[in-house]
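There are 2 protein chains.
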Amino acid sequence: MTVPGYIRTAPRLKARRAAALPDRIARSAAAPAGESADEIRQWIGRRRAQASFAVDRIPFEALEDWSFAPETGNLAHRSGRFFTVEGLHAAIGEHPERTEWHQPVIVQSEVGILGILAREFDGVLHFLMQAKMEPGNPGLLQLSPTVQATYSNYTKVHKGVAVRYLEYFTDPSRGRVLADVLQSEHGAWFHRKRNRNMIVETSGPVPEHEDFRWLTLRQIHQLLRHDNTVNMDARSVLAALPVRGAPHALHSDTELLSWLALHRAAIPIRSERIPLAGVAGWTRGASSIDHDDDRYFRTVAVSVRASNREVGHWTQPLIEPRGQGVVAFVTRTFAGVPHVLARARAEGGSTEVELGPTVQCQPRSHAHLPVAERPPFLDLVTTAPPSRVRYSALHSEEGGRFLNSVSRYLVVAADEGDAPLDAPPGFCWVSRDQLAALTRYSHYVNVQARTLLLCLNSLDDYA
Amino acid sequence: MTVPGYIRTAPRLKARRAAALPDRIARSAAAPAGESADEIRQWIGRRRAQASFAVDRIPFEALEDWSFAPETGNLAHRSGRFFTVEGLHAAIGEHPERTEWHQPVIVQSEVGILGILAREFDGVLHFLMQAKMEPGNPGLLQLSPTVQATYSNYTKVHKGVAVRYLEYFTDPSRGRVLADVLQSEHGAWFHRKRNRNMIVETSGPVPEHEDFRWLTLRQIHQLLRHDNTVNMDARSVLAALPVRGAPHALHSDTELLSWLALHRAAIPIRSERIPLAGVAGWTRGASSIDHDDDRYFRTVAVSVRASNREVGHWTQPLIEPRGQGVVAFVTRTFAGVPHVLARARAEGGSTEVELGPTVQCQPRSHAHLPVAERPPFLDLVTTAPPSRVRYSALHSEEGGRFLNSVSRYLVVAADEGDAPLDAPPGFCWVSRDQLAALTRYSHYVNVQARTLLLCLNSLDDYA
Numbered sequence: 001m002t003v004p005g006y007i008r009t010a011p012r013l014k015a016r017r018a019a020a021l022p023d024r025i026a027r028s029a030a031a032p033a034g035e036s037a038d039e040i041r042q043w044i045g046r047r048r049a050q051a052s053f054a055v056d057r058i059p060f061e062a063l064e065d066w067s068f069a070p071e072t073g074n075l076a077h078r079s080g081r082f083f084t085v086e087g088l089h090a091a092i093g094e095h096p097e098r099t100e101w102h103q104p105v106i107v108q109s110e111v112g113i114l115g116i117l118a119r120e121f122d123g124v125l126h127f128l129m130q131a132k133m134e135p136g137n138p139g140l141l142q143l144s145p146t147v148q149a150t151y152s153n154y155t156k157v158h159k160g161v162a163v164r165y166l167e168y169f170t171d172p173s174r175g176r177v178l179a180d181v182l183q184s185e186h187g188a189w190f191h192r193k194r195n196r197n198m199i200v201e202t203s204g205p206v207p208e209h210e211d212f213r214w215l216t217l218r219q220i221h222q223l224l225r226h227d228n229t230v231n232m233d234a235r236s237v238l239a240a241l242p243v244r245g246a247p248h249a250l251h252s253d254t255e256l257l258s259w260l261a262l263h264r265a266a267i268p269i270r271s272e273r274i275p276l277a278g279v280a281g282w283t284r285g286a287s288s289i290d291h292d293d294d295r296y297f298r299t300v301a302v303s304v305r306a307s308n309r310e311v312g313h314w315t316q317p318l319i320e321p322r323g324q325g326v327v328a329f330v331t332r333t334f335a336g337v338p339h340v341l342a343r344a345r346a347e348g349g350s351t352e353v354e355l356g357p358t359v360q361c362q363p364r365s366h367a368h369l370p371v372a373e374r375p376p377f378l379d380l381v382t383t384a385p386p387s388r389v390r391y392s393a394l395h396s397e398e399g400g401r402f403l404n405s406v407s408r409y410l411v412v413a414a415d416e417g418d419a420p421l422d423a424p425p426g427f428c429w430v431s432r433d434q435l436a437a438l439t440r441y442s443h444y445v446n447v448q449a450r451t452l453l454l455c456l457n458s459l460d461d462y463a
Numbered sequence: 464m465t466v467p468g469y470i471r472t473a474p475r476l477k478a479r480r481a482a483a484l485p486d487r488i489a490r491s492a493a494a495p496a497g498e499s500a501d502e503i504r505q506w507i508g509r510r511r512a513q514a515s516f517a518v519d520r521i522p523f524e525a526l527e528d529w530s531f532a533p534e535t536g537n538l539a540h541r542s543g544r545f546f547t548v549e550g551l552h553a554a555i556g557e558h559p560e561r562t563e564w565h566q567p568v569i570v571q572s573e574v575g576i577l578g579i580l581a582r583e584f585d586g587v588l589h590f591l592m593q594a595k596m597e598p599g600n601p602g603l604l605q606l607s608p609t610v611q612a613t614y615s616n617y618t619k620v621h622k623g624v625a626v627r628y629l630e631y632f633t634d635p636s637r638g639r640v641l642a643d644v645l646q647s648e649h650g651a652w653f654h655r656k657r658n659r660n661m662i663v664e665t666s667g668p669v670p671e672h673e674d675f676r677w678l679t680l681r682q683i684h685q686l687l688r689h690d691n692t693v694n695m696d697a698r699s700v701l702a703a704l705p706v707r708g709a710p711h712a713l714h715s716d717t718e719l720l721s722w723l724a725l726h727r728a729a730i731p732i733r734s735e736r737i738p739l740a741g742v743a744g745w746t747r748g749a750s751s752i753d754h755d756d757d758r759y760f761r762t763v764a765v766s767v768r769a770s771n772r773e774v775g776h777w778t779q780p781l782i783e784p785r786g787q788g789v790v791a792f793v794t795r796t797f798a799g800v801p802h803v804l805a806r807a808r809a810e811g812g813s814t815e816v817e818l819g820p821t822v823q824c825q826p827r828s829h830a831h832l833p834v835a836e837r838p839p840f841l842d843l844v845t846t847a848p849p850s851r852v853r854y855s856a857l858h859s860e861e862g863g864r865f866l867n868s869v870s871r872y873l874v875v876a877a878d879e880g881d882a883p884l885d886a887p888p889g890f891c892w893v894s895r896d897q898l899a900a901l902t903r904y905s906h907y908v909n910v911q912a913r914t915l916l917l918c919l920n921s922l923d924d925y926a
């Protein structure tokens, strides 16, 4: 077509997919052993010892700058930023399957950045990981992304020091983006929360800092075998690394997306925020908000003192689950291709049904139910013989919002008797590579499934 | 790995992508001419004449089974189903860019099915299209999907007759799914509305009906050249047909997703439903709810009489825009690959920022603004010389919810002077095939951009 006045410019086009990247990632996962996991854990321990940290439970009235609003009872910071604890009227599904309940919920509509900086050393991709304190973490310090910045952080609402290395994630000219997607977080505790998960590769020199270390993917995979060592944000971001995908699976990609669309249509999430004071079935005490039957979680407050964080002292609310969780994928390998049994998961605070683990629950909160109503496959994964357990470790959720929120993460091999090819309603066999491909898009793979995906990827080293 | 008790089953895996499908779709788009567009339009005209339709504006008090709730002022059906007209406190973006306003909004959290049945005849894919009346459509009857069923429809809340051909979309064993995704609809008028867009191919015999016809994609493309002929639901569903994708583009897929993630993080949508009675700046009269400066849209009520629909008579509210819209993609071809200038679009009722057209506005509602604040590229697309206008037709939005909601849809070729390679803030050059690939996922390509994508695809016939 000839257009009058058309200036012929010939920009260079780019390949839509970076074909070499999965191989580079595989090389990093198979890199020669450098420092061992124990040595890296010792470094985290030294960082913990060199700074002085103290996290103490306090009554709500000792919170500084946080208070319950007189009209709504919502717990908010005086700046109006960070997050609030409000009420949720959760409603899921269509009549007659519709279920409804009330609960407290964390509202944080700001989108933060969880960013990991990558760089090649001697031809092998390394990732700049941080030993970072979060008040709710077991052990306080865990291996974290290079940058964990709320919008308040990087707009300096809390008047702290600048976030180190943030410029790599806010200025695209400083590197090459390997992955970048808004990912949902815990729909059971957050109202529509999501963070921007980024991996950026740089080729230039990067200033060093004693709280940060360059690790290969192999080292990170080895650290994942240890309890409460790699934090949730790091697990979520690393799950977005592209893998070489097997082109075949039990179901085509279209069939998988169709199965998800069916569940999204059948189980719409219609939850609404309500005042925290109006939440039925929960009671606010001097130092906690509790479920009247002691189930699910409580809302508490802590005082934090730290010498090496952006600010040295603060107080904040945290959500504390009542008991340890179980999060598991049941796996089978079909014609050489590893698959997981994913579940279509609707949570009160989520936007849409997402793909979740086979099992994701807090057994203590289900103990009062008749056996038939307990989560499917829970017994299978918690009583599997050791020969079936391909992965098992404890991991905690975001230590900036959750106190001692620990779950046992499991990958359990099954057979036709335990987990038939013809999956039960609400479940679908998804190849590991299909799951990985969906992490490029928002609201497809939930945060617990992303941790398990990273665990699955780590198993390749041990195959 | 050997697992005790493991039963070796060898299921056949499937190719994750249906490699042959884009070619089959291209064949349907290039099929030998059958009935002409004029002949098909005459058939629609005969269907219009043979049924007797009447749509009349009525005052709100003449609505049957619909009423304003005493406490909230929300307009709702007595069954609690279908949809409601409520208030929206829209809030978009972060301080200091945050903007807020009040407006009425349609709330419909049910997810309906928009389904098109496909079948090969003589080796060419055909699509079963319906001549369907919707009260808000200009001309009342338009070419529509095989099935347009709200959840209320197919659970029979309105006690009407069964939805014809619905079984192909609810029973997977009856065909093969070619596309299936929940797609968002107009974020300016709906609160988080989405429908399930499905294309299902069958190989068996399909009963005929006088309101339905099998058309090739070529015939549908030709009908798209005519004003107000192919309805919004059909356009949205057909945009999901997979195309052969050029493997190169100005930006890699990761760069494009990263650009979108940046805008999603910077412009969170924090809108909340409020009572319709509490909407500031709008006034409810006897037969309409109007903006106090006569901008944007009004809410009205109609009475409908029809002899060939699921029910013969009903009344309902509709949203009526104030004036014709302009929806346009500015296009350029780089190294042989067609690109569109997409805009990151945040709308009050949407879940996330989505990719939208270069221009999407109602000029009348912007006429009071200084020139510098009017939509970018609006002048370019409305004053382009005919040689630059590759596509131009009027299309209306969903006639079941919107009354005479007509926009001029345009595809306008541009050059470096009009639309530089270095896109202005908020805009990004996206290849047509990148846009098409994103229609597989929810909340990525908005409804107006999906119509334009189908229009772009239709241009291949004329290249």
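Protein chains in written order, with the working numbering: chain A, 1 to 463; chain B, 464 to 926.
For every residue, glycine included, the Cβ atom is placed at its ideal position computed from N, Cα and C.
Since we're looking at a predicted model, the values are computed, not measured.
Kindly list the residues whose CB is nearer than 7 Å to the CB of residue 696/B, restricted to its own chain and excluding five residues on each side of it in sequence; keep chain order. So the qualifying residues of the chain are 577, 607, 608, 611, 861.
Measure the alpha-carbon distance for residue 592/B versus residue 749/B and round it to whole angstroms. Taking the straight line joining both Cα atoms gives about 38 Å.
Reducing DSSP to helix, strand and coil, say where residue 146/A ends up. coil
What does residue 182/A touch in chain B if you count any residue whose Cβ is under 8 Å from its own? Close partners of residue 182/A in chain B (Cβ separation under 8 Å): 724, 727, 728, 815.
Whole-angstrom distance between residue 32/A and residue 461/A, CA atom to CA atom: Since pLDDT at residue 461/A reaches only 45, below the 50 mark, its modelled position is unreliable, and the value read off the structure follows with that caveat. Residue 461/A and residue 32/A: Cα-Cα distance of roughly 11 Å.
List the endpoints of the continuous alpha helix (DSSP H) containing residue 844/B. Note, residue 844/B: alpha helix (DSSP H), 841-845.
Is the shortest distance between the beta-carbon of residue 473/B and the beta-carbons of chain A less than 8 Å? Yes, its Cβ sits closer than 8 Å to a Cβ of chain A.
Residue 694/B (DSSP reduced to helix, strand or coil): Reduced to three states, the DSSP call for residue 694/B is coil.
Any Cβ of chain A within less than 8 Å of the Cβ of residue 534/B? no
With 7 Å as the limit, tell me which residues of the stretch 318-339 of chain A have their beta carbon closer than that to any beta carbon of chain B; keep them in chain order. 334, 335, 337
The beta strand (DSSP E) that contains residue 578/B, what's its start and end? 576-584
Do residue 166/A and residue 111/A come within 8 Å of each other at the CB atom, strictly closer than that value? No, these two residues do not count as a Cβ contact at 8 Å.
Please confirm if the stretch 134-144 of chain A is in contact with the stretch 226-240 of chain A, defined as three or more CB-CB distances below 8 Å between the two stretches. yes
Kindly say whether residue 640/B, judged by its beta-carbon, lies nearer than 8 Å to any beta-carbon of chain A. yes
Got a sec: does the ligand SAH put a non-hydrogen atom nearer than 7 Å to the Cβ of residue 72/A? The model depicted lacks the ligand SAH and carries no ligand whatsoever.
Which residue or residues does DSSP assign as beta-bridge partners of residue 660/B? 577/B, 644/B
Between 433/A, 39/A, 444/A, which lies nearest to residue 219/A when the distance is taken from Cα to Cα? 39/A
Within 10 angstroms of the Cβ of residue 371/A, are there 16 or more other Cβ atoms? Answer buried if so, exposed if not. exposed
Residue 633/B by DSSP, collapsed to three states: which one? Note: residue 633/B maps to helix in three-state DSSP.
Using C-beta distances below 7 Å, list every residue in its chain close to residue 209/A, excluding the 5 sequence neighbours before and after it, in chain order. These residues qualify, in order along the chain: 164.
Can you give the beta carbon distance from residue 706/B to residue 896/B, rounded, assuming they're within the 8 Å contact cut? With 8 Å as the limit, residue 706/B and residue 896/B qualify as a contact, their Cβ atoms being about 6 Å apart.
Find out if the Cβ-Cβ distance for the pair residue 823/B, residue 911/B is shorter than 8 Å. yes
CA nearest to the CA of residue 736/B, picked from 803/B, 764/B, 812/B, 785/B: 812/B
What did DSSP end up calling residue 312/A once you bin it into helix, strand or coil? In this structure, residue 312/A counts as coil in the three-state DSSP scheme.
Rounded straight-line distance, which links the Cα of residue 524/B to that of residue 438/A: 49 Å
Start and end of the beta strand (DSSP E) containing residue 189/A? No beta strand (DSSP E) holds residue 189/A; DSSP gives it neither H nor E.
Just the C-alpha distance for residue 27/A and residue 125/A, rounded to the nearest angstrom, thanks. 8 Å
Does the stretch 340-355 of chain A come within contact of the stretch 385-400 of chain A, defined as at least 3 CB pairs closer than 8 Å? no
Residue 432/A - containing alpha helix (DSSP H), residue span: Where residue 432/A is concerned, the enclosing alpha helix (DSSP H) starts and stops at 432-438.
Residues of the stretch 473-505 of chain B in Cβ contact with chain A at a cutoff of 7 Å, in chain order, please. 473, 474, 476, 477, 478, 479, 480, 481
Expected contact under 8 Å - CB spacing of residue 92/A and residue 98/A to nearest Å: Confirmed, Cβ separation roughly 7 Å.
Listed by chain order, chain B residues near residue 252/A by CB distance under 8 Å: 477, 478, 479, 480, 481
Under a CB-based cut-off of 8 Å, is residue 611/B close to chain A? no
Could you list which residues in chain C have their beta carbon closer than 8 Å to that of residue 733/B, in chain order? Considering every chain present, this structure includes no chain C. Its protein chains are A and B.
Taking its Cβ as the centre, do 16 or more other Cβ atoms sit within 10 Å of residue 162/A, making it buried, or is it exposed? Within a 10 Å sphere around the beta-carbon of residue 162/A sit fewer than 16 other beta-carbons, which makes this residue exposed.
Segment contact flag, the stretch 499-515 of chain B with the stretch 707-724 of chain B, C-beta cutoff 8 Å, min 3 pairs: no
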